[in-house]
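Residue numbers (the UniProt record's numbering): 1 to 250.
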């Protein structure tokens, strides 16, 4: 464009043209900035291999077949993942999650990992599809993850059947133990009667006594401080189908 052409331009058009360039540049810069800010670490991270995910989120130590720390750092740490997870416990935005149903046949403490829900909301459903980032390992070798997206997921028929089988086996075991106890009902009743009588005798001989219903080996613990200065501890409860009563004097 020659100098004569420039002189012939309407100054208003020149100003509008310049403003358009400035405005267009500003809009482009804002859009690029918004796009950058909207990206979470999950979006920009490399995804973990699906074949490694279960081991990445397992708390098994390398001594029992788990992943070594160096391998964890190479294959898991800083990588994103997407998976269906079950809720074991949640306290606010801190949750214990597992890839295995805690109420199903594959329940295992080693499958539990600690999750921080980034948006601050808790997981209120038993099962969710989660998208997150593996940050590292924490207490008890548990994987530490941040959850950036989650949506409720329904329990499948396979999940429900697995739970039913667990409940069924527990019921069978309870019935079996009840049957065994019934077969020893007379012996157990006699031992219970003796335990009650001995407790009354020791309590009368004591300055004080305490009862701990959750003592050693699952037995109730009765502790007596006798008036003669001695101490006696008794344990009572069932071991299998047998009612046990044992005392020890100190």
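By construction, the Cβ of each residue, glycine as well, lies at the ideal position given by its N, Cα and C atoms.
Discussion item. Tell me which residues share the same chain as residue 81 and place their Cβ nearer than 7 Å to its Cβ, disregarding the 5 neighbours each side in the sequence.
Written reply: 47, 48, 53, 132, 134
Fill in: Inter-residue Cα distance where the pair is residue 99 and residue 213
35 Å
Practice prompt. Rank 155, 147, 59, 64 by C-alpha distance to the C-alpha of residue 43 and give the top, closest one.
Written response: 147
Worksheet entry | Under 8 Å between C-beta atoms of residue 129 and residue 136 | no
Worksheet item: Under a Cβ-count criterion, where at least 16 other Cβ atoms within 10 Å of its own Cβ denotes burial, should residue 84 be classed as buried or exposed?
Response: exposed
Worksheet entry | With 16 other Cβ atoms within 10 Å as the buried cut-off, status of residue 108 | exposed
Worksheet item: residue 114 and residue 138: beta carbons closer than 8 Å?
Response: yes
Practice prompt. Report the rounded CA-to-CA distance for residue 197 versus residue 178, giving the unit in angstroms.
Written response: 25 Å
Discussion item. Taking 8 Å as the threshold (beta carbon to beta carbon), is residue 143 in contact with chain C?
Written reply: Going by chain labels, chain C is absent from the structure shown, which holds only one protein chain.
Item to complete: Mind checking who residue 232 pairs with in its DSSP beta bridge?
Response: 224, 249
Worksheet item: Anyone know if the C-beta pair for residue 222 and residue 231 falls short of 8 Å?
Response: no
Worksheet item: What first and last residue would you give for the alpha helix (DSSP H) that runs through residue 164?
Response: 157-183
Worksheet item: Near residue 34, what residues of its chain come up, given a Cβ to Cβ distance below 6 Å and the 5 sequence neighbours on each side ignored?
Response: In this predicted model, residue 34 has a pLDDT of only 44, less than 50, meaning its place in the structure is not dependable enough to derive any value.
Worksheet item: Just the Cα atoms here: how many angstroms apart are residue 91 and residue 153?
Response: 20 Å
Fill in: Three-state class that DSSP yields for residue 56 in the structure shown
helix
Worksheet item: Do residue 103 and residue 163 come within 8 Å of each other at the CB atom, strictly closer than that value?
Response: yes
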